[in-house]
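Residue numbers (the UniProt record's numbering): 1 to 366. Even glycine gets a Cβ: it sits at the ideal position worked out from N, Cα and C. Take a look at the structure set out below.
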């Protein structure tokens, strides 16, 4: 791989005329705002053909000291270009390369992520065994069901560490760890400080963690996760409606500005127009922020967003084996069939491209 000039992309998270705190607070509705911790200035970024992009790039600094290089972001567009070529490969590598889990790259064919919802190590182990026989690329360890099942006086940290050691660490796929609180459609009752503490713990264990961007302190938590060596999916969920177009664009900008590696928005879709707006926002975010995007429309009307595939720049989608984790999810088999249709030939092309690049790297002694 070639090195990249370590200047960070700075994207304004604010629409024209917006003030410093004009984005969306926790639990807020469509037209509300989200506190931000990011700087206001935009810095130009020098680019190479294919550079290494460590997790944590963002705000007003170069790559933070100690951040593990587990992401790959090929470049090549002109400096300060707002819209980049659709042919550019935008890739992020999830995985520490430790046995038994391989690393997986997001940014080519759409990856399938399946949830683990078990409330005990034994149940999690059973789920992992079932997933092993499926065409899945990553597993999402939903930690909140485990936390919700604990007795009030239980040691949450100890419970997470036990479940990791006895079950989840043995998964044959990269692990994304996620905690959804009740305010975010999940099962865990946690304060803001408890949430941050447990996500930071998980960042030292799993290959990637999910951070809800609407939380105060999300930017700091993303930095902590990167310092622990985990990739970060920044996410936003609205279980009531599809936000307006400018809100969707601002959410993606907020996530990119905070330094997240992968940007995810999931919202309730009730009309065909809503589904189209989710996909349009995904395409726009892909071009603007040059990193993997996950745009999901929850509900029956949003089904097409779950199998839109790489042609519409869907980096990953969620599907279930045993238990669904969100409204409108398909099974893994259904999702794989849909993706195989819309991505016909793309997986082969991607593999050939990777092999050609590896040959070139070997020839140059890399």
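DSSP three-state assignment for residue i, whether helix, strand or coil
i           : result
residue 121 : helix
residue 316 : strand
residue 244 : coil
residue 97  : coil
residue 284 : helix
residue 177 : strand
residue 106 : strand
Cut-off 6 Å between Cβ atoms - residues of its own chain near residue i, not counting five sequence neighbours on either side
i           : result
residue 134 : 321 and 332
residue 190 : 181
residue 286 : 293 and 313
residue 118 : 124 and 127
Cα-Cα separation between residue i and residue j, rounded to whole angstroms
i           : j           : result
residue 338 : residue 307 : 6 Å
residue 186 : residue 145 : 8 Å
residue 170 : residue 138 : 13 Å
residue 253 : residue 231 : 18 Å
residue 184 : residue 236 : 9 Å
residue 127 : residue 176 : 15 Å
residue 295 : residue 258 : 18 Å
residue 97  : residue 314 : 24 Å
residue 160 : residue 143 : 8 Å
residue 270 : residue 251 : 20 Å
residue 263 : residue 255 : 6 Å
residue 91  : residue 210 : 18 Å
residue 124 : residue 204 : 19 Å
residue 279 : residue 148 : 33 Å
residue 207 : residue 227 : 12 Å
residue 244 : residue 291 : 22 Å
residue 196 : residue 158 : 16 Å
Candidates the options: closest to residue i by CA position
i           : options               : result
residue 121 : 115, 162 and 91       : 162
residue 242 : 95, 297 and 260       : 297
residue 303 : 291, 95, 328 and 295  : 328
residue 198 : 225, 167 and 213      : 225
residue 114 : 131, 99, 157 and 215  : 131
residue 188 : 266, 152 and 222      : 152
residue 248 : 168, 214 and 129      : 214
residue 233 : 240, 245, 218 and 246 : 218
residue 202 : 229, 245 and 261      : 229
For residue i, the first and last residue of its enclosing beta strand (DSSP E)
i           : result
residue 235 : 231-238
residue 263 : 262-268
residue 115 : 111-116
residue 212 : 208-212
Residue span of the alpha helix (DSSP H) that contains residue i, given as start and end
i           : result
residue 338 : 332-342
residue 290 : Unbroken run through residue 290: none, as it is neither H nor E.
Same chain only: Cβ atoms within 7 Å of residue i, ignoring 5 sequence neighbours per side
i           : result
residue 310 : 108, 109, 110, 343 and 346
residue 335 : 112, 306, 307, 317 and 319
residue 275 : 269, 297, 301, 302, 304 and 305
residue 100 : 170 and 172
Min CB distance residue i to chain D below 8 Å
i           : result
residue 166 : Given the protein chain composition of this structure (a single chain), no chain D is represented.
Cutoff 8 Å; reference residue i; Cβ partners in own chain excluding five residues on either side
i           : result
residue 194 : 156
residue 299 : 268, 269, 270, 327 and 328
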